[in-house]
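Everything in the sequence shown is counted per full-length UniProt numbering, starting at 1 for the first residue and increasing by one. C-beta atoms are modelled at their ideal positions from N, C-alpha and C, and glycine is treated no differently. Predicted model only: the values in this text are computed from it and were never measured.
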Amino acid sequence: MRLTLAIAGLFAAIFAPPWLTILCMGLLAFRYPAWEVLFIGLLTDFLWMPGLFSQLPIFTLAALVLVWGLEPLRKEFLFH
């Protein structure tokens, strides 16, 4: 399941709308301590950022929030 979501997130980063990428990132981060979410967010920002420093790296920041922010919730519900 983790590999399927990671591959779907990579394809969504390249070919799909941004909401599907965020959905894959959220599902991965909610269920697993998935560091590949950071890679998907970074890839999305590099692919779709118009200039080098013209906007914030939104997907990378969202990935950091998802991976580190959901850690207590993941520990509470999935490991006890």
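Distance between beta carbons of residue j and residue i, contact taken as under 8 Å
i	j	result
residue 43	residue 13	5 Å
residue 5	residue 24	6 Å
residue 41	residue 63	3 Å
Identity of the residue in the options nearest residue i by Cα
i	options	result
residue 67	46, 29, 49	29
residue 17	72, 73, 47	47
residue 35	70, 78, 20	70
Close beta carbons around residue i, own chain, < 8 Å, minus the five adjacent residues each side
i	result
residue 45	57, 58, 59, 60
residue 49	55, 57
residue 73	30
Other residues of its chain near residue i: CB distance less than 7 Å, five sequence neighbours each side excluded
i	result
residue 32	2
residue 22	62
residue 27	5
Run of the alpha helix (DSSP H) containing residue i, from where it starts to where it stops
i	result
residue 81	Coverage of the chain is limited to positions 1 through 80, which leaves residue 81 absent and any answer about it impossible.
residue 63	58-69
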